[in-house]
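In the UniProt record's numbering, the protein residues as written are 1 to 245. Here's the structure, in structure tokens; my notes come after.
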């Protein structure tokens, strides 16, 4: 996978695969910096735990999209279901189907050049997205791919990203992390937890999930009001109100 977009800037619109989390937001931000004509954001709302998608509070993506100023295409829960799928690979394939169908339908009205994706190290996700792009005949812009996670986190903060942790599910991440701002102190602690427990510094293995409340790609910040849920080993925030500042 290449992040060199010099030969793909013309010939159609770009779609940013977007959850509102830090990784997809960084991919969007970098695409805009590169001058790619991002004309749609696309959010998949998983009905439950997912191998392919960011899960918690994906409804916040619509508010983030309003701040970004790019129209959002939403794929609703129930568009896929894998009740009888027990193999992770089969479930991943099944989960990808509604995204591919949505992009194929969009391509009927809007010539597509490619999609942006926020994968860092996940071959499981990236191989499927690459194969989807091949089938659709479009490009893939993945500026986080195989970059050092700590350096990426620092780059996000340098750029002005304000990041809130929505969910944690890993050894070393307790209830105090719920709703915490992912700042330099948190990054340093995550680096220590990586050494001790193997926690991915950017949480790509599902250790934690995030939402970007402000950044250079957004015109207005998002304010969150929430409750916390904790079961002793994992937890999440439950947003009760969200609005543009």
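Backbone N, C-alpha and C fix where the C-beta goes; we use that ideal spot for every residue, glycine too. Just so it is clear, the structure is predicted and the values come from calculations on it, not from any experiment.
(request) Compare the C-alpha of residue 142 against each of 20, 117 and 100 and name the closest. (result) Measuring from the Cα of residue 142, the nearest candidate turns out to be 117.
(message) Tell me the rounded alpha-carbon separation between residue 210 and residue 23.
(response) So the alpha carbons of these two residues sit roughly 9 Å apart.
(request) With DSSP as the reference, label residue 242 as helix, strand or coil. (result) Looking at residue 242 - three-state DSSP - the assignment turns out to be strand.
(request) Go to residue 112, then tell me how far its alpha helix (DSSP H) extends in each direction, as first and last residue. (result) Counting along the chain, residue 112 falls outside any alpha helix (DSSP H), though it belongs to the beta strand (DSSP E) covering 112-116.
(message) So, for residue 71: in the same chain, excluding its five sequence neighbours on each side, which residues have a beta-carbon less than 6 Å away from its beta-carbon?
(response) Here residue 71 has 40 as same chain residues with Cβ atoms under 6 Å from its own Cβ, once five neighbours each way along the sequence are excluded.
(message) Out of 57, 96 and 102, which one is the CA nearest neighbour of residue 73?
(response) Nearest option by C-alpha distance: 102.
(request) Tell whether a beta-carbon distance below 8 Å holds between residue 115 and residue 15. (result) Taking 8 Å as the cut-off, the Cβ atoms of residue 115 and residue 15 count as close.
(request) Would you check if the distance between the CB atom of residue 178 and the CB atom of residue 126 is smaller than 8 Å? (result) No; because the gap between Cβ atoms is not below 8 Å, this pair is not in contact.
(request) Output the boundary residues of the alpha helix (DSSP H) element that contains residue 28. (result) DSSP places residue 28 in the uninterrupted alpha helix (DSSP H) bounded by 22-33.
(request) Please look up how many angstroms separate the CB atoms of residue 213 and residue 202, rounded, as I've assumed it's under 8 Å. (result) With 8 Å as the limit, residue 213 and residue 202 do not qualify as a contact, their Cβ atoms being about 17 Å apart.
(request) Give a yes or no on whether the C-beta atoms belonging to residue 61 and residue 222 are separated by under 8 Å. (result) Their beta carbons are not under 8 Å apart, which means residue 61 does not touch residue 222 by this criterion.
(request) Could you check if residue 167 is buried or exposed, using at least 16 other CB atoms within 10 Å of its CB as the buried criterion? (result) Residue environment analysis places residue 167 among the buried positions, since at least 16 neighbouring C-beta atoms fall within 10 angstroms of its C-beta.
(request) Count the other C-beta atoms from every protein chain shown that fall within 10 angstroms of the C-beta of residue 196, then say buried if there are 16 or more, exposed otherwise. (result) Burial call: exposed.
(request) Taking 8 Å as the cut-off, decide whether the C-beta atoms of residue 96 and residue 132 are in contact. (result) Taking 8 Å as the Cβ cut-off, residue 96 and residue 132 qualify as a contacting pair.
(message) Using CA atoms only, rank isn't needed, just tell me which of 137, 94, 164 and 184 is closest to residue 239.
(response) Of 137, 94, 164 and 184, the residue nearest in Cα terms is 164.
(message) Which of the three DSSP states is assigned to residue 167 in this structure?
(response) Of the three classes helix, strand and coil, the one that applies to residue 167 here is strand, per DSSP.
(request) Compute the beta-carbon to beta-carbon distance between residue 247 and residue 169, rounded to the nearest angstrom, for a pair I have assumed lies under 8 Å. (result) Any property of residue 247 remains undetermined from this structure, which presents the chain solely from 1 to 245.
(message) Mapping the DSSP letters down to three states, classify residue 6 as helix, strand or coil.
(response) Low local confidence applies: a pLDDT of 34 at residue 6 is under 50, so the model's placement there is unreliable, with the coordinate-based value given in what follows. Here residue 6 carries a coil assignment [DSSP, helix/strand/coil].
(message) Can you check which of these residues, 180, 136 and 128, is closest to residue 253 by C-alpha distance?
(response) Residue 253 lies beyond the stretch modelled for the chain, which goes from 1 to 245, so this question has no answer here.
(message) Closest to residue 124 by C-alpha separation, out of 58, 30 and 204, would be which residue?
(response) For the residues 58, 30 and 204, the minimum Cα distance to residue 124 belongs to 204.
(request) Just grab the DSSP bridge partners of residue 237 for me. (result) The partner list for residue 237 (beta bridge, DSSP) reads 228.
(message) Excluding the 5 residues flanking residue 154 on each side, which residues of the same chain have their C-beta closer than 8 Å to its C-beta?
(response) Result list for residue 154: 184 and 187, in chain order.
(request) Using three-state DSSP, classify residue 183 as helix, strand or coil. (result) In the three-state DSSP reduction, residue 183 falls in the coil class, being neither helix nor strand.
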